[in-house]
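Numbering (this note's numbering), first residue to last: -5 to 275. Quick notes on the structure that follows.
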Ligand code: HEC
């Protein structure tokens, strides 16, 4: 714990250093090639050290407790929640989503499925969850901790989002189209910033999400512990934030278009090993 505290203090110092470098998003973002910035290189080094003692574990533990001990008003529990591999099975489920769920007739990503189960079995109210779907400095919502637990139970496993059911294939196709769809005040698409190698905005390297070896970054570090602030952020949050980067209206929480984008990026990353939950600056 002492060691962890030391790490956290170092993390805070580093985060402050980053904050000092952070600048408002460029007006007409012009992603530039190439070269990893020195500060990014420093951060990567630092992250490697911190990953061995990732504070995400605290949220993982909270999520595990909710999964294993919470009961709904009628005595149901997450033991009834089917993440695609059978009721209550968590191991390996995260890397096999988004997938088709026959009980709801929908393709769902991990966060969507977890929220679905928490509403169905534990009595959480969807409208309450929608009031604060993402973490902030005050609060990391329960479903975020559960997603972190579920994700951690797939650590070290190969990403294997299925493409069998026609709806899984269709969802991937829609995601691919959304990725390339240009609109908004600057006529940006996801591909404007993530469609070629070596792009960056200021200090941030932008992965080319069309390539398997980089698409894995859409998956790898998520959910991620954000050092600046000390809370967990999920893939769903990342998507909302990138719609904002794109100057698009933010999508509704747990919308089909976000699931489709996640399906596209996950399938592109299929076959690679999941090493999350991660750490973000
Ligand atoms: C104006 C540029 C811009 C646009 C457009 C944009 N993004 Fe991003 N994206 C960013 C920035 C900046 C980051 C943060 C990179 C970092 O933290 O190092 C990011 C990060 C990401 C990440 C996480 C990468 C990682 O390493 O964890 C994913 C996934 C992602 N974007 C997907 C998308 C998708 C999908 C879209 C379209 C809906 C999109 N982005 C549109 C700028 C953009």
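Glycine included, every Cβ here is placed at the ideal spot set by N, Cα and C.
Would DSSP call residue i helix, strand or coil?
| i | result |
| --- | --- |
| residue 158 | coil |
| residue 93 | strand |
| residue 242 | coil |
| residue 122 | helix |
| residue 200 | strand |
| residue 100 | strand |
| residue 17 | No answer about residue 17 holds up, because its pLDDT of 39 lies below 50 and its placement is not dependable. |
| residue 35 | helix |
| residue 220 | strand |
| residue 267 | strand |
| residue 194 | strand |
| residue 225 | strand |
| residue 152 | strand |
| residue 70 | coil |
CB of residue i to nearest heavy atom of the ligand HEC: below 7 Å?
| i | result |
| --- | --- |
| residue 271 | no |
| residue 215 | yes |
| residue 75 | no |
| residue 203 | yes |
| residue 167 | no |
| residue 195 | yes |
| residue 225 | no |
| residue 230 | no |
| residue 212 | yes |
| residue 259 | yes |
| residue 255 | yes |
| residue 262 | no |
| residue 266 | no |
Since I believe residue j is in contact with residue i (beta carbons under 8 Å), could you give me their beta-carbon distance rounded to a whole number of angstroms?
| i | j | result |
| --- | --- | --- |
| residue 155 | residue 90 | 7 Å |
| residue 263 | residue 210 | 4 Å |
For the beta strand (DSSP E) containing residue i, name the first residue and the last one.
| i | result |
| --- | --- |
| residue 272 | 272 to 274 |
Quick one: give me the first and last residue of the alpha helix (DSSP H) that residue i is part of.
| i | result |
| --- | --- |
| residue 52 | 50 to 63 |
| residue 142 | 136 to 146 |
Closer than 8 Å is the cut-off here; do at least three beta carbon pairs connect the region 103 to 112 with the region 185 to 202? Because the criterion of three Cβ pairs below 8 Å is not met, the region 103 to 112 and the region 185 to 202 do not touch.
Is there contact here, the region 49 to 57 with the region 73 to 86, by at least three beta-carbon pairs under 8 Å? No, the region 49 to 57 does not touch the region 73 to 86.
Say whether the region 244 to 263 touches the region 162 to 178, bearing in mind that this needs 3 or more beta-carbon pairs closer than 8 Å, one atom from each stretch. Enough Cβ pairs lie closer than 8 Å, so yes.
May I ask you to verify whether the region 207 to 221 touches the region 234 to 247, counting CB pairs closer than 8 Å and requiring at least 3? Remark: fewer than three beta-carbon pairs, one from each stretch, lie closer than 8 Å, so the region 207 to 221 and the region 234 to 247 are not flagged as touching.
Would you call the region 63 to 80 and the region 112 to 124 in contact, with 3 or more CB pairs under 8 Å? Verdict: yes, contact present.
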